[in-house]
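Respectively, the protein sequence lines represent chains A and B. Numbering (the working numbering) for the first sequence: 1 to 526. Numbering (the working numbering) for the second sequence: 527 to 1052. All C-beta atoms, glycine included, are put in the ideal place defined by N, C-alpha and C. Model, not experiment: these values are computed from the prediction. Below: one structure, written as structure tokens.
2 protein chains.
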Amino acid sequence: MFKKQILLSARLGSCQALNPFRANAVSRFYASGKAVALTADTYSDKVQRDSKYKKLDEKDLLFFRDILKDGNYMISNEQDLEFYNEDWMRKYKGQSQLVLKPKTTEQVSEIMKYCNAQKLAVVPQGGNTGLVGGSIPVFDEIILSLSNMNKIRSFDSVSGILKCDAGVILENADNFLAENGYIFPLDLGAKGSCHVGGVCATNAGGLRLLRYGSLHGTVLGLEAVLPDGTIYSSIDALRKDNTGYDFKQLLIGSEGTLGVITGVSILCPSRPTSTNVAFLAVSSYETVQKVFVGARKELSEILSAFEFMDGKSQLLTGRYLKADHPIESGDYPFYVLIETSGSNRDHDMEKLETFLANAMEEGLVDDGIIAQDEAQSQSLWSWRESIPEASAHDGGVYKYDVSIPLKDLYGLVEAAETKLNEANLVDIDSNDKPVVGAIGYGHLGDGNLHLNVCVREYNKNIEKTLEPFVYEWIQEKQGSISAEHGLGFQKKNYIGYSKSDVEIKLIKDIKNHYDPNGILNPYKYV
Amino acid sequence: MFKKQILLSARLGSCQALNPFRANAVSRFYASGKAVALTADTYSDKVQRDSKYKKLDEKDLLFFRDILKDGNYMISNEQDLEFYNEDWMRKYKGQSQLVLKPKTTEQVSEIMKYCNAQKLAVVPQGGNTGLVGGSIPVFDEIILSLSNMNKIRSFDSVSGILKCDAGVILENADNFLAENGYIFPLDLGAKGSCHVGGVCATNAGGLRLLRYGSLHGTVLGLEAVLPDGTIYSSIDALRKDNTGYDFKQLLIGSEGTLGVITGVSILCPSRPTSTNVAFLAVSSYETVQKVFVGARKELSEILSAFEFMDGKSQLLTGRYLKADHPIESGDYPFYVLIETSGSNRDHDMEKLETFLANAMEEGLVDDGIIAQDEAQSQSLWSWRESIPEASAHDGGVYKYDVSIPLKDLYGLVEAAETKLNEANLVDIDSNDKPVVGAIGYGHLGDGNLHLNVCVREYNKNIEKTLEPFVYEWIQEKQGSISAEHGLGFQKKNYIGYSKSDVEIKLIKDIKNHYDPNGILNPYKYV
């Protein structure tokens, strides 16, 4: 039997204060206090401003002011621009002189039409929570922020179809749905800041893809402005519609390079009335996989998340949270968070307890805890969701978000750690070395690993040690160099490690076909 | 309480013999005995052969023989060609003089390269179970049958990823998966004949979309030959891969107009260990909707199908099956089939019985039955799955597969029936009138109605009464003229009722861009 004493809610008491962290997962870190270096300087060997793009002038500003009707919807003073020019990891910094914040799709269309005619480069920006520098200008691109387009358009409580502006914050959308008994079919740590439109442009995966599937399946329609200003809309599509090529699918995951998403229609499932969270300690990566296979079989339709974390990720998270780990019986090499979501509390708990009892009996799980209420569930989640912040806490983080066949998945973390040690770059405690450590965690249920190399500063030596080594390692295992974060600026030059020449040719051809002037999100993606 | 007497398995005894029908859902009907008219003759006012396409000559035959190595992989005698030239509804008939049955992707590539250079038109054909004439030539197009590419390539029992040739029959794929504890995430009446590749090309929805979502979400990768012979492959993609535009999504639902799908990689869920089926009698369409809302809420994660059927569809199915209806207590205007799939029989049955008890108590359900074993489940399903055959049994059927907002869904059947009656075309019993009746059924859970107009013969008068009337009615309700069957030949000219000018322009542009010579599946789609 699963030990009853580890179910005691008292053990979770210390975590409850952590809940607020969740909504702030993308708040910025200024731990190092250093100014962020310009991307153009850091990567001057890799990228130069393309002279085909026009430089912004006074006439352009007048034109935009005329479109937007109100000067409040434009930002052009240096201090206010900083927020839009820097990414939250403080790794990339652009030099845009202008942020436009339209309120309607028609305004976006007029802006794009003008920029296309004038050859002014544009970077669409949502909540600016991206992890590959995709929503930050590299040089002087105009930033087109969707933050003023933030209305729920409609919700049909029979079909579960939500239609909203692209700039609606994910958490706001989910809270709205909760009031109607529904749930947004995607959740991620940045939910308090990221936009629904940005999530689609990124094709974000997040924490519950395991249960609700990818956005390619759940997004029913998009409204978007193409580079020439054309307004494309499939936002009124019903759940099933087989009339012609599904163009919107190209926009999902296009990272703002093909069109500016302005509206989203998405199919939302009924909100589960019963959610359970268990946190388990496991002694090896091999055993983690066995726990996964068992969980998928026994928890089946109620399994909504299967996240794994290595011991070092929990050590750093504990330091960052200044809190005791929920599993107190010792340091374990691996931890697993299992979430179930269903419609009947008794049934779900019976399934979960039976599964855990079996796992304990088979010796797969060394210790564990089940949350007794919603607050405890969130506390346990915080030990997973705070990892990104904990990773960057000492100064910065090199993030690799990759897909690798399950059996080899954790091998990448070990390989990266070895490589960094060989270069004599790592010390978890001493400030003398630039690297704190390499940690691994992620959505095991989706074959998705997050390798985070936690650093005290960004430097070329670390980057050269890691790249292309990490990408070569992934290619050898037939993995993907970007599972859910996208290509952005960071991975633009590495797509060849994941895609064949034919695929890359097709991708470039699509870009050239729809954006012949290349004005949308240049220097990135492909 | 839900009446116990209606749970008696004895009531289902008479249906058990019906199981075999399921696998044969697409067997052909020759009830009328009449020869099928040539599409070129029936629609001579709408379509002429395009003289830009070359006519097949002896040199071409020699070339193909050389590629295929073996004359057995080519069909050119009239009698054998008939099977490939006619659709199963006996509504469309082409005049192809040649069927090619390659065994490898490379052979498909060589064939396409040659046809593109020579401007020979090609129709890719899977199991030939389409319902819009999409896989039948209109004139003398070469038929490229995928039936010889029928191997399972690999299956990963940890991730659930199946890779197979496009020509694998859906039921064979599902049986293979069953042996491994997995299920194909799509099911449809034609499973005994349709191909996995054809299902993707059609973006078929089928019976369990409600549970497992659309192919846009579950298909992980495709291998396909483009019109110029280029072999595109994303078949080794992992579950999550955000590196570039997702080109394969354009192929899903492209109906053979953009590329020839030769291989499929698809994510398969664990096979549910417990399946229950209930069949209910309901007194109005309004009540059917209430039963649906209740079922989705209470059955939630285990609800795997919610099908509705009108009384007339069951009357015709009863005649066709020569069997008594499972619900014997009278003729009801509507019936509902509910399927649950889960991992714990006791839990599932408790949920289903509680739901049904509540529905009875609220007066939503007039009578009902729950299958007691697998054979009874299949018997109940046969009253839903035999409707397409029953519809065509008197001679033919005009099929409309549409999406309409739920509240208006059944209104289309009533409107069509009224229109046909006004034209004095209908008599359910007498052979004096050409129309037997208009029936409605479908995947209510997906907002998907099948309107079948059952006829004793195909004639222009019926067609003119129905079209464009049906499409205009759908457009007024903001529905889709094709939910899951596609456009094919039947709906090519009606896309404007579902798509905007911008969307149609994009679709035509995609077609012209990838198939500039227009050799793939001409006269159809767009």
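With a threshold of 8 angstroms between beta carbons, is Q478 of chain A in contact with chain B? yes
Only counting runs of 3 or more residues, tell me where the beta strand (DSSP E) segments fall wholly within the stretch 664-711 of chain B, in order along the chain. 668-671, 678-682, 687-691
For Q1004 of chain B, which three-state DSSP category applies? coil
Can you find a CB in chain B that lies within less than 8 angstroms of the CB of K399 of chain A? no
Would you list the one or two residues that DSSP bridges to P795 of chain B? For P795 of chain B, which the question treats as bridged, DSSP gives no partner whatsoever.
F63 of chain A (DSSP reduced to helix, strand or coil): helix
At the level of alpha carbons, what is the spacing between D45 of chain A and V751 of chain B? 39 angstroms
In chain order, what residues of the same chain have a beta carbon less than 7 angstroms from the beta carbon of R456 of chain A, not counting five sequence neighbours either side? D394, G395, N431, P434, V436
Should E82 of chain A be labelled buried (16 or more other beta-carbon atoms within 10 Å of its own) or exposed? exposed
Give the straight-line distance between the Cα atoms of L186 of chain A and P272 of chain A, rounded to the nearest whole angstrom. 14 angstroms
Quick one: which residues of the stretch 764-775 of chain B get their C-beta closer than 7 angstroms to a C-beta of chain A? List them in chain order. L764, R765, K766, D767, N768, T769, G770, Y771, D772, F773, Q775
Whole angstroms are fine: how far does the CA of W999 of chain B sit from the CA of S300 of chain A? 42 angstroms
Helix, strand or coil at V426 of chain A according to DSSP, with G and I counted as helix: strand
Taking three-plus beta-carbon pairs below 8 angstroms as touching, is the stretch 837-853 of chain B in contact with the stretch 811-820 of chain B? no
Residues in the stretch 704-735 of chain B with C-beta within 9 angstroms of chain A's C-beta atoms, listed in sequence order? G707, T728, N729, A730, G731, L735
Of all Cβ atoms in chain B, is any one closer than 8 angstroms to the Cβ of N448 of chain A? yes
Taking its Cβ as the centre, do 16 or more other Cβ atoms sit within 10 Å of R737 of chain B, making it buried, or is it exposed? buried
Would you identify the three-state DSSP class for Q48 of chain A, choosing helix, strand or coil? coil
Beta-carbon separation (whole angstroms), E865 of chain B vs T801 of chain B, contact threshold 8 angstroms: 7 angstroms
Taking DSSP as the reference, what is the three-state secondary structure of M615 of chain B? coil
K925 of chain B in three-state terms, based on DSSP: strand
Under 7 angstroms by beta carbon: chain B residues contacting K297 of chain A: S796
Backbone CA spacing between S917 of chain B and A964 of chain B [nearest angstrom]: 9 angstroms
To the nearest whole angstrom, what separates the beta carbons of N674 of chain B and K629 of chain B, a pair I think is in contact under 8 angstroms? 5 angstroms
Could you say which of A:N150, A:K59, A:S234 lies nearest to I1033 of chain B if we only look at CA atoms? A:S234
At a Cβ cut of 9 angstroms, what residues of the stretch 457-484 of chain A count as close to chain B, listed as they run along the chain? Q478, G479, S480, I481, S482, A483, E484
Is N358 of chain A close to chain B? Criterion is C-beta to C-beta, closer than 8 angstroms. no
Does the stretch 1017-1036 of chain B touch the stretch 232-249 of chain A, meaning 3 or more C-beta pairs lie closer than 8 angstroms? yes
Could you pull out every residue in the same chain whose Cβ sits closer than 6 angstroms to the Cβ of P124 of chain A, ignoring the five residues on either side in sequence? L144, G256, V260
Cutting at 6 angstroms between CB atoms, please list the residues of its own chain near G652 of chain B, excluding the five before and the five after it. L672, H721, G723, G724
Cross-chain neighbours of L406 of chain A in chain B, by beta carbon under 8 angstroms: V684, S685
Helix, strand or coil: how does DSSP classify E307 of chain A here? strand
Compute the Euclidean distance between the alpha carbons of A23 of chain A and S382 of chain A, then round it to the nearest angstrom. With a pLDDT of 31 at A23 of chain A, under the threshold of 50, the modelled position of this residue cannot be trusted, and the question is left open.
Give the residues of chain B in contact with Y441 of chain A, contact being defined as C-beta atoms less than 7 angstroms apart. Ordered by position in chain B, no residue passes the 7 angstroms Cβ test against Y441 of chain A, which lies about 15 angstroms from the chain.
Check whether the Cβ atoms of G660 of chain B and F1015 of chain B sit closer than 8 angstroms, and answer yes or no. yes
For F805 of chain B, write down the residues that DSSP places opposite it in a beta bridge. B:L863, B:I895
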